[in-house]
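Following the working numbering, the numbering of the sequence shown begins with -2 at its first residue and continues without gaps.
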Amino acid sequence: MATAETWTRVVVDDAAVNRPDPALLSRLAHGETAVVVLRGLLPAEAFAVNRDRVGKLLANASTTQYVNGALTTVGPYLAKYLDRVEEYYPDAEAAMAMLAGVDFDLDAQVRGALREAFSLRSLEPAAEPDGRRYSPSVVRIHADGVRNPLHNDNIMRDAAGSGIVLADQAFQLSCVVCLQECDEGGELRMYQKEWKPVDEVHKIPGGLGYDEAVVEGVACHEFKPRTGDVYLINPTRYHSIERVHGSDRLTMGFFLGLDEGLERAVVWG
């Protein structure tokens, strides 16, 4: 287990050339590293072109309100649908068609680059055996004044008993691509704590995430992404995004579900 001093980030520069240590996936999966940052994974033009493409769709973004915040996205995020999962698939298909309509292909480029960088045997969008597809990414907009409260993401826990294939993953990671950094704020805070059932006493009723008391005294690493950064975290550990100031914090992201050997993965938004 990492100590407070070693709970930090690993930065790989020129990641398209300098392959990251494959052991980094294991360190993330087992909660030993806070953040893995891949810089230069794709040419700068790939981020700029796709930022312009998705910019045409920002008017189609949808916002989900909570008592303590809001999530604004282009495309559906699965966690919102787990109590009515049948509604997710048509919304995912519509989002994929919308993104294809503006030739947005950053998610596919990032998947290909990650597969090569970590020598994965496969890294593909998730699908059910009957062919129903999961959206391969979601674009998130954090506007001026928005904070993403303390939370954790665990599809194996949240989809247990649902029958969907994603509930059977061995590990879950998250990949985030910074399309546009904000002027100030917007830092990711990663805490060295995995969710436990007793933590539910800190759940915010009707809200997003947990009261900050749940991570009191826990080691925390803070990371402010730059435009073009591709970074990986273990979202089953508590994390938050601090309040954004100035220009929007614009990211594309997807979750990765990995097998026990950390060799094969599927993604979803």
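Glycine residues also receive a C-beta, built at the ideal position from the N, C-alpha and C atoms. Predicted, not measured: the structure shown is a model, and the values here were computed from it.
For K53, the three-state secondary structure derived from DSSP is coil.
In this structure, DSSP gives K200 an extended state, which the three-state scheme calls strand. According to the DSSP assignment, E213 belongs to no beta strand (DSSP E), since it is labelled neither H nor E.
For Q169, the uninterrupted beta strand (DSSP E) run begins and ends at 168 to 177, by DSSP. The criterion of a C-beta distance shorter than 7 Å is satisfied by R137 and T70. Taking one beta carbon from each stretch, the stretch 179 to 189 and the stretch 46 to 64 have fewer than 3 pairs nearer than 8 Å; the two do not touch. Of G158, L25, L38, Q189, the smallest CA-CA separation from V215 is found for Q189.
By the criterion of at least three beta-carbon pairs nearer than 8 Å, the stretch 82 to 93 is not in contact with the stretch 226 to 235. According to DSSP, residue pairing for S134 in a beta bridge does not occur. Distance from the CA of W192 to the CA of K200, rounded to the nearest whole angstrom, comes to 11 Å.
Sequence-distant partners of D208 (beyond 5 residues in either direction) whose C-beta falls short of 7 Å from its own C-beta, in its chain, are H199, I201. A straight-line Cα-Cα distance of about 12 Å links E239 and H218. DSSP places K193 outside both helix and strand once states are collapsed to three, so it counts as coil. Inter-residue distance for P19 and L25 is about 11 Å (C-alpha atoms, whole angstroms). About 7 Å separates the Cβ atoms of V107 and C172, confirming a contact at the 8 Å cut-off. A straight-line Cα-Cα distance of about 18 Å links G160 and S132.
For I238, the secondary structure class from DSSP, reduced to helix, strand or coil, is strand.
Per the DSSP secondary-structure output, P122 pairs in a beta bridge with V264.
The C-beta separation of L205 from S23 comes to about 30 Å, leaving the pair out of contact by the 8 Å criterion.
Counted as a single uninterrupted DSSP element, the beta strand (DSSP E) harbouring I230 occupies residues 227 to 230.
CA-CA distance, V33 to F115, rounds to 12 Å. At the C-beta level, E257 and K221 stay beyond 7 Å of one another.
Straight across, the Cα-Cα distance linking V264 with L120 is about 7 Å.
In this structure, the beta-carbon distance from L35 to D155 does not fall below 7 Å. With fewer than 16 other Cβ atoms inside 10 Å of its own Cβ, N57 counts as exposed.
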